[in-house]
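Visitor: Here you go, one structure.
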Ligand code: OAD
């Protein structure tokens, strides 16, 4: 079983995708029977889809909230939380997942690149995103209380980065400053459970390599950008990560 050298000089940047939560029972997007097979993403994960049919969109995210509430982090999540405890600020986890399982496993330095299932925000006003685990049905579409207090009606929306929307610039800056601070040190980039087709996340391996990083991919199958990695570990993250990260 391969094992990654993690010494006192190592800075470890990790990117995770839906595959890391698969063993917890959270569906992935592009595997057979994945979410995008049953739910066309243009309808449930785009602003146009939300404008057209907010009830359908809220049903999709309500089902995902309900599903994610009943699952637990797996050994892959735990291995990442363990290595963070060893590395402290020399570790950063960038996740495309919105399920919150990394945080529930104990990860603290987490950037949720695609938002969070556990937050909502107003689709109109600039009120910051707020904690919300409610399940909304077609008969109960949520309105913004701040807008309501001003005598206007506006729908709440999930705090998810939809197709065609920009990532939070502060998140990208946090990744860039981690990479900047890693200069002159041993940098390792590890991607786990991601198909490597959604940008800019899929481009992180190239950025890390340009800075001299050692690169690892742990995935159930070769991802679209697998050839960009030096080390490929084929397998389930819950089975591979504990050994790879020495936890
Ligand atoms: P995908 O569903 O595209 O890819 C999941 C990857 O994980 C696939 O390559 C699987 O082979 C692999 N996999 C499945 N089970 C695994 C396991 N137990 N261990 C390791 N690997 C496993 O998911 P993402 O790459 O995360 O965006 O998708 C990226 C983004 O596309 C998502 O964040 C989502 C989606 O559209 C938004 O919704 C904004």
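Numbering (the working numbering), first residue to last: 109 to 355. All residues carry an ideal CB built from backbone N, CA and C; glycine is no exception.
1. Is the stretch 198-210 touching the stretch 124-140 in the sense that three or more CB pairs, one from each, lie closer than 8 Å?
2. How would you write the range of the beta strand (DSSP E) that residue 124 sits in, first residue to last?
3. Rank 179, 301, 318 by C-alpha distance to the C-alpha of residue 348 and give the top, closest one.
4. CA-CA distance, residue 319 and residue 312?
5. Report yes if the C-beta distance between residue 174 and residue 243 is below 7 Å; otherwise report no.
6. Three or more C-beta pairs closer than 8 Å, one from the stretch 282-300 and one from the stretch 263-272: is that the case here?
7. Let me check one thing: in DSSP terms, what residues is residue 114 bridge-paired to?
8. Once you ignore the five residues that flank residue 177 on each side, which residues in its own chain have a CB closer than 8 Å to its CB?
9. Roughly how many whole angstroms lie between the Cα atoms of residue 219 and residue 283?
10. According to DSSP, what are the bridge partners of residue 230?
11. Using 6 Å as the cut-off, classify the Cβ of residue 147 as near or not near the heavy atoms of ligand 1, replying yes or no.
Guide: Inspection of the coordinates gives the following:
1. yes
2. 118-124
3. 301
4. 11 Å
5. yes
6. no
7. According to DSSP, which records beta bridges pairwise, residue 114 is partnered with nothing at all.
8. 241
9. 8 Å
10. 264
11. no
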